[in-house]
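**Student:** The sequence shown begins at 4 in the numbering used here and counts up one residue at a time.
Where a beta carbon is used, it is the ideal one built from N, C-alpha and C, also for glycine.
In this text, all values refer to a predicted model and were calculated from it rather than measured experimentally.
Here it is, the structure in full.
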Amino acid sequence: MSAQQALLTILEQKIRDDSLVLPTLPEIALKVRQSAEDPRISLAKMADVIAQDPALAARLMKVANSAFLGRAIKSNSLLQAVTRIGLSQIKHVATALALEQLFVSKYPVVQQQLDKLWRENIQVAAIATACLKLYQAEHPAAQFNADLMTLCGLVHNIGALAVIAEAERHPEVFGHPVFLHNITEKIAPFVSVKVLQAWGFGPEFQLAAKNWRLCQGGQPPDYTDFIRLAAISRGYYKSAEAEMQLLQYYLQQQLITVPQFSKQPQFAELYQDIRGLFT
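Following this line, the structure appears as structure tokens:
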């Protein structure tokens with residue numbers, strides 16, 4: 004049996020047995036999310052929790068002072084940064100910033116795959132959030148949240164992390180990138196949902212991870228559709244006809260205003276601002 008076939012067999016068996024090892028959220032992300040659920044938590048106490056991880060604290064300062072939040076006055080302390088972001092959104096922002104800690108391996112060939120996966124996640128998150136913010140500008144009453152959208156983009160393919168972790172035990176497969184891509188595409192949707200359920204992420208995250216690969220629009224549109232717009236921009240869908248039908252649907256739903264939405268100057272500026280938060 005080839006290494007590729009062996010890996011596929013092992014993955015399928017572990018999924019059936021519910022024994023596949025799933026990635027866990029970084030400890031600091033768990034602490035922030037648990038603290039955010041406490042109705043008694045104050046801004047100062049939340050800042051103290053975040054201060055336990057200096058790297059996260061520094062990145063939250065960057066977010067608070069970014070063009071993404073559109074603030075002219077800079078935050079000079081972590082408390083000011085937490086206040087600016089707000090308790091209602093801090094768990095999404097902190098989790099998004101902490102996720103990169105999961106994409107690490109001691110094996111260079113595996114690290115290359117993880118780096119590629121993280122870059123793709125950032126790109127999807129930035130495209131989807133830029134599209135959403137442009138939509139919000141035209142439809143201010145729409146019930147969407149940009150911070151949730153960014154996190155949704157970063158975890159839309161989180162199951163691939165578990166697949167690569169299992170593949171780490173079969174290093175030969177990393178010499179077959181097409182196989183690794185195909186096996187990830189086959190298994191990641193199901194595993195992504197399992198991971199997000201284990202993390203306690205809501206249904207909007209799970210639906211996006213499960214369904215974004217389907218080249219069909221939601222009724223009504225939801226966060227998954229902005230992930231699909233990112234997939235279109237990245238040339239993910241193989242059927243040009245199905246992609247065009249999806250674009251036409253999004254034009255009708257006013258999620259975008261032109262077919263070449265990623266060429267708009269406003270989009271490019273937003274995309275760079277969001278992407279810059281993670282690079």
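Going by the CB atoms, is the gap between A54 and L81 shorter than 7 Å?
**Tutor:** Cβ atoms of L81 and A54: closer than 7 Å.
**Student:** Helix, strand or coil for Y110 per DSSP?
**Tutor:** If DSSP states are grouped into helix, strand and coil, Y110 belongs with coil.
**Student:** Taking all protein chains shown into account, decide if Q222 is buried (16 or more other Cβ within 10 angstroms of its Cβ) or exposed.
**Tutor:** Q222 comes out exposed.
**Student:** Just how far apart, CA to CA, sit P193 and G162?
**Tutor:** In the sequence under discussion, the amino acid at residue 193 is Phe, which differs from the Pro named in the question. The alpha-carbon atoms of F193 and G162 are separated by roughly 7 Å.
**Student:** Determine the burial state of M64: buried for a count of at least 16 other Cβ atoms within 10 Å of its Cβ, exposed for fewer.
**Tutor:** Buried: at least 16 other Cβ atoms inside 10 Å.
**Student:** Along the chain, where does the alpha helix (DSSP H) that runs through Q256 open and close?
**Tutor:** Q256 -> no alpha helix (DSSP H), and no H or E assigned at all.
**Student:** Which residues mark the beginning and the end of the alpha helix (DSSP H) in which E171 is found?
**Tutor:** Here E171 belongs to no alpha helix (DSSP H), and DSSP marks it neither H nor E.
**Student:** For the segment 242-251 against the segment 111-131, do three or more pairs of beta-carbon atoms, one drawn from each stretch, fall closer than 8 Å, so that the two count as touching?
**Tutor:** Contact fails: fewer than three Cβ-Cβ distances are below 8 Å.
**Student:** Could you tell me the alpha carbon to alpha carbon distance between I93 and Q8, rounded to whole angstroms?
**Tutor:** Whole-angstrom Cα-Cα distance: 43 Å.
**Student:** Can you tell me which of the three DSSP states P206 falls into?
**Tutor:** Correct three-state label for P206: helix.
**Student:** Using only the heavy atoms of the ligand NAP, determine whether one of them is closer than 6 Å to the beta carbon of F106.
**Tutor:** As presented, the structure is devoid of all ligands, the ligand NAP included, so that no description of it is given.
**Student:** On the three-pair Cβ rule with 8 Å, is the segment 9-20 touching the segment 179-194?
**Tutor:** The segment 9-20 vs the segment 179-194: in contact.
**Student:** Quick check on this structure: which residue in R43, I31, M247 and R36 has the alpha carbon closest to the alpha carbon of P57?
**Tutor:** Checking every option, the nearest Cα to that of P57 belongs to I31.
**Student:** Measuring CB to CB, does T153 end up less than 7 Å from A128?
**Tutor:** Yes.
**Student:** Between the alpha carbons of A212 and L232, how many angstroms are there, rounded?
**Tutor:** So the two alpha carbons sit approximately 14 Å from each other.
**Student:** Using the three-state DSSP reduction, which class does F281 fall into: helix, strand or coil?
**Tutor:** Three-state DSSP puts F281 in coil, outside helix and strand.
**Student:** Between which two residues does the alpha helix (DSSP H) containing C155 stretch?
**Tutor:** It spans A149 to L157 - the alpha helix (DSSP H) in which C155 sits, taken as one unbroken run.
**Student:** Report the option in P268, T27 and Q269 whose CA atom is closest to the CA atom of L102.
**Tutor:** Measuring from the Cα of L102, the nearest candidate turns out to be T27.
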